[in-house]
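Residue numbers (the numbering used here): 1265 to 1429.
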């Protein structure tokens, strides 16, 4: 008869051998393709993560470039506004300066005109005084007069000259 200890060992050896055969078969037909599939999946996920990281970096770079461009545009607009302000202030100063120069020129022209008219008036007045003197002298020469007659003659001459003016 058989001994139970012998059967158990034989059974155990048989189960171990069957397990190893099953393990070899599973490794060749199940674990191999599954592991290949897992490696492919892992590589695919790693590639997608790398692509996503690259896209994120490019997006950040593009966003930074856009921010820099916007900042540059703001600075350029600010500079344009400042230049326009300076130009308008300069033009205003030029207009004021030109107006002052024109005003000074007009004042000088008016002063010259006043001087000319004053000189003409003085000249005309001298002519009238000399004419008056000649008239008075002629009248005095025509007749010798006393003081009262002389005064009347001067007043009369002045009236005549006054009417001429």
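Even for Gly, the Cβ is constructed at its ideal location relative to N, Cα and C.
Whole-angstrom distance between residue j and residue i, CA atom to CA atom
i            : j            : result
residue 1421 : residue 1367 : 46 Å
residue 1282 : residue 1288 : 10 Å
residue 1376 : residue 1370 : 10 Å
residue 1274 : residue 1284 : 15 Å
residue 1265 : residue 1298 : In this predicted model, residue 1265 has a pLDDT of only 49, less than 50, meaning its place in the structure is not dependable enough to derive any value.
residue 1342 : residue 1321 : 31 Å
residue 1325 : residue 1362 : 54 Å
residue 1337 : residue 1307 : 44 Å
residue 1334 : residue 1372 : 56 Å
residue 1294 : residue 1331 : 54 Å
residue 1354 : residue 1385 : 46 Å
residue 1302 : residue 1340 : 56 Å
residue 1277 : residue 1305 : 38 Å
residue 1280 : residue 1312 : 43 Å
residue 1310 : residue 1345 : 52 Å
residue 1317 : residue 1300 : 25 Å
residue 1415 : residue 1387 : 26 Å
residue 1365 : residue 1352 : 20 Å
residue 1381 : residue 1357 : 36 Å
residue 1411 : residue 1379 : 40 Å
residue 1329 : residue 1347 : 26 Å
residue 1374 : residue 1413 : 46 Å
Expected contact under 8 Å - CB spacing of residue i and residue j to nearest Å
i            : j            : result
residue 1425 : residue 1396 : 5 Å
residue 1400 : residue 1418 : 7 Å
If you scan the stretch 1358-1404 from start to end, which runs of the alpha helix (DSSP H) of 4 or more residues do you find wholly inside it? List check, alpha helix (DSSP H) in window: nothing returned.
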